[in-house]
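Trainee: The opening residue of the sequence shown carries number 130 in this note's numbering; numbering runs sequentially from there.
For every residue, glycine included, the Cβ atom is placed at its ideal position computed from N, Cα and C.
Since the structure is predicted, the reported quantities are computational estimates derived from the model, not experimental observations.
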Amino acid sequence: MRDFHRPGRSTVYADQGMCATSHPLAAKTAVSLLEQGGNAVDAAIGAGVLLGLCEPQMSGLGGDMFAMVKRGDGDKIIGLNASGRAPSGFDAEALRARGLKTVPGDDPSAITLPGAVDGFCRIHGDMGRLPLDHILAPAIHYAEAGVPVAPRVALDWQGGVTRLSGKGRKVFLADGAPPAPGQRFHAPGQAEVLRRIARDGRKAFYEGEVAEDMVTSLAALGGAHRMEDFAAVTSDYVTPIRTTYRGAELIELPPNG
Numbered sequence: 130m131r132d133f134h135r136p137g138r139s140t141v142y143a144d145q146g147m148c149a150t151s152h153p154l155a156a157k158t159a160v161s162l163l164e165q166g167g168n169a170v171d172a173a174i175g176a177g178v179l180l181g182l183c184e185p186q187m188s189g190l191g192g193d194m195f196a197m198v199k200r201g202d203g204d205k206i207i208g209l210n211a212s213g214r215a216p217s218g219f220d221a222e223a224l225r226a227r228g229l230k231t232v233p234g235d236d237p238s239a240i241t242l243p244g245a246v247d248g249f250c251r252i253h254g255d256m257g258r259l260p261l262d263h264i265l266a267p268a269i270h271y272a273e274a275g276v277p278v279a280p281r282v283a284l285d286w287q288g289g290v291t292r293l294s295g296k297g298r299k300v301f302l303a304d305g306a307p308p309a310p311g312q313r314f315h316a317p318g319q320a321e322v323l324r325r326i327a328r329d330g331r332k333a334f335y336e337g338e339v340a341e342d343m344v345t346s347l348a349a350l351g352g353a354h355r356m357e358d359f360a361a362v363t364s365d366y367v368t369p370i371r372t373t374y375r376g377a378e379l380i381e382l383p384p385n386g
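(1) Judging by CA-CA distance, which residue of Gly289, Asp193 and Gly295 is the nearest neighbour of Pro307?
(2) Tell me which same chain residues have a C-beta within less than 6 Å of the C-beta of Ala272, skipping the five on either side of it?
(3) For Ile380, which residues does DSSP report across the bridge?
(4) What do you reckon, are the CB atoms on Val322 and Val300 nearer than 8 Å?
(5) Between Phe359 and Val344, is the Cβ-Cβ spacing less than 8 Å?
(6) With DSSP collapsed to three states, give me the class of Ile207.
(7) Put Tyr366 into one of helix, strand or coil per three-state DSSP.
(8) At 4 residues or longer, and completely inside the region 274-313: list those alpha helix (DSSP H) runs for me, N to C.
(9) Less than 8 Å between the C-beta atoms of Asn168 and Asp365, yes or no?
(10) Where do the N-terminal and C-terminal ends of the beta strand (DSSP E) with Val339 fall, by residue?
(11) How far does the alpha helix (DSSP H) with Phe359 in it reach, from first residue to last?
(12) Could you check how far apart the C-beta atoms of Met197 and Pro384 are, in whole angstroms? I think they sit under 8 Å.
Put into C-alpha cells, the structure is as follows:
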C-alpha cells in the first residue's frame with residue numbers, strides 16, 4: 130500500500146470493466162459504451178477514434194492502429210497489426226539519387242498508407258458488439274461541437290506549427306495561430322468522414338471522394354500514392370511475442386510493432 134501522505138496514485142479496482150486513456154472525454158466515451166452493452170473492442174474503438182480528435186498531434190484517421198485482445202478463451206491473445214505500408218510507387222533509389230540515406234520525416238515519401246480505419250473496421254466486424262454508427266457517434270458529435278484543447282495538447286500543437294502546410298494550416302490553425310489551452314477545436318470535415326464510415330464502412334475512407342482528396346493532396350506534395358494503394362490497404366492478425374523480465378511477462382506485437 131502506498132503512503133497516502135505523499136503524492137501518488139492508488140491502485141484502481143473494478144469488477145465490471147475499466148479503461149485507461151490519455152484524455153477524459155475518451156475515457157468517458159469508453160465507459161459509456163461499456164455501460165450501453167458494448168464490449169472492450171467497442172469501447173477501445175470509440176475511445177481511440179475520439180483521441181484522434183482530442184489529440185490531433187498523435188495518431189488519427191490518417192495513422193496506424195495496433196491491438197491486442199484477450200477474448201477469455203484461456204491464455205490466447207490475438208494481435209492485430211493495422212499499420213500502413215509504403216505506396217506501390219515508392220522508389221528508394223530515387224531517394225538515394227537525392228543524396229538521402231534515410232527517409233526525411235517531412236517528405237511525402239515518409240507518409241505511409243493509413244491503416245487505422247481498416248483496423249478499426251476489421252476488428253469491429255470480427256469482435257465488436259454494438260453497431261459501428263453507435264460507436265462512432267461520440268466522435269462525430271465532438272468533431273462538430275468541438276473539444277476544449279488540453280494544456281499538454283496545446284503545447285505539442287505549438288511545437289508542430291512549422292511542420293503544417295497547405296490544408297493542414299487551415300484546419301489546425303485558427304486565425305493562423307495554434308489554439309490556446311481551453312480553446313475549442315472543431316473538425317467538421319472529420320465529422321463528415323466519420324459519418325460516411327459509420328454508414329458504409331472502410332470503403333467510405335479508402336475508395337471514392339475521401340480517398341481521392343487524400344491522393345490529390347499527397348500528389349501535390351510530390352507523393353507517389355495512388356487510388357489503388359488506398360483500396361488495397363489491409364490489416365493483419367499476428368501472433369504476439371512474449372518474454373519475461375523480473376518475474377513479469379511482457380507481451381507485444383512482433384515487428385514492426
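Mentor: On the basis of the data shown:
(1) Comparing Cα positions, the closest option is Gly289.
(2) Closer than 6 Å at Cβ, skipping near neighbours: Leu182, Ala316, Gln319 and Ala320.
(3) Per DSSP, the beta-bridge partners of Ile380 are Arg371.
(4) no
(5) yes
(6) Ile207 falls in the strand class under three-state DSSP.
(7) strand
(8) 280-288 and 296-301
(9) no
(10) Careful: Val339 lies outside any beta strand (DSSP E), inside the alpha helix (DSSP H) at Gly337 to Ala349.
(11) Met356 to Ala360
(12) Not quite, the Cβ-Cβ distance comes to about 15 Å (not below 8 Å), so this is no contact.
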